[in-house]
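What follows is a single structure, written as structure tokens, with notes after it.
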Amino acid sequence: MTEKSKNADPAGETASFGGFQRIYQDLLEEMKTVDVRAAAQNLGLPHTEEEGVEVPFLGRTFLISNRGAASKDGEMVREIMASVLFHYIMCGSAARPAGRFVTLSELAGPLFKQSSYSGSALERPIARRFAGKSDELLSVAESLGGRREGEAGLGGISLVFETLPHILMQIVFYDRDEEFPARAIVLFDANATKLIDFESLAVLATIFIRDLVNR
């Protein structure tokens, strides 16, 4: 990650549309050479020659093949989402969760240490959306397959989500009280970047959190 990109929006909203289009077209070309069957086997996901590998994400099932991305429900697949899924299949990792959660900056290494991205784009929107609404957070989390799990500390709620198969995210939420505002902490399984590259993980998290807070 370059110095210029440290505080950029990994979801690509600050990037030029033309630039992203070129990147997306390059990904489509690269997908033509990927061994999708092997990736499916490593990830433990269903695969057919006709449709490709089935990847569940945000309550939908996406079909990723050498031809590109489609969805079982027939709805359009946004290019930014397709790009994340392409990177996930290209990695095609047999890694599994470590069972230990760390910060986004720990996964990124030294170049991301000073970035405020996790706080501004991931944690702050959760705190704003669910301040005074812990019960609603639990309900929305359940709709996304979240489960109460992990350590939160006094007065906190810990939720674990499988964003993509084997890529786990933990959200620790502390609701507001008389002294402190609501606060959220977003963590990732320590093996997350063995299953997808770091920048795609950041985009994946952004898409997931935006869906969470907009429900």
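Sequential numbering of the sequence shown, starting at 1, is according to full-length UniProt numbering.
Positions of the beta carbon are idealized from the N, C-alpha and C atoms, including for glycine.
In this text the structure is predicted, and so the values were computed from the model without any measurement.
- Between the alpha carbons of R37 and A131 lies a distance of about 44 Å.
- Proximity to D189 across P165, G119, D175 peaks at P165, based on C-alpha coordinates.
- Between the C-alpha atoms of V172 and E30 there is a straight-line separation of about 37 Å.
- In terms of CA proximity to A152, R183 leads the group E136, P125, R183.
- At least 8 Å separates the beta-carbon of P56 from that of N191.
- Contact check for V84 and V203: beta-carbon distance about 5 Å, within the 8 Å limit, so the pair qualifies.
- Rounded to the nearest whole angstrom, the C-alpha separation of I157 and I89 is 32 Å.
- When secondary structure is reduced to three states using DSSP, R215 falls in the coil class, being assigned neither helix nor strand.
- The stretch 130 to 146 and the stretch 93 to 107 do not touch, with fewer than 3 CB-CB distances between them shorter than 8 Å.
- For H47, the three-state secondary structure derived from DSSP is strand.
- In this structure, T103 sits away from S116, with a CB-CB distance that is not shorter than 8 Å.
- If you look at M169, you'll find it in the beta strand (DSSP E) that goes 167 to 174.
- According to the DSSP assignment, S139 belongs to the alpha helix (DSSP H) that extends over 134 to 143.
- If you look at I196, you'll find it isn't in any beta strand (DSSP E); DSSP assigns it neither H nor E.
- A distance below 8 Å between beta-carbons, with the five flanking residues on each side excluded, links D177 to the following residues of its chain, in chain order: G155.
- Rounded to the nearest whole angstrom, the C-alpha separation of L63 and S120 is 32 Å.
- In chain order, R37, A40, V53 place their CB closer than 6 Å to the CB of H47, counting only its own chain and leaving out the 5 sequence neighbours on each side.
- Between the beta-carbon of Y24 and that of E79 there is about 5 Å, and that keeps the pair under the 8 Å contact cut.
- Within the same chain, Cβ atoms closer than 6 Å to the Cβ of D175 are found at S134, A182, the five residues on either side in sequence being excluded.
- G74 carries a coil assignment under DSSP once its states are collapsed to helix, strand and coil.
- Secondary structure of P97 (DSSP, three-state): coil.
- Contact annotation: L212 and L144 have beta-carbon atoms nearer than 8 Å.
- V160 is not a Cβ neighbour of E142, given a cutoff of 8 Å.
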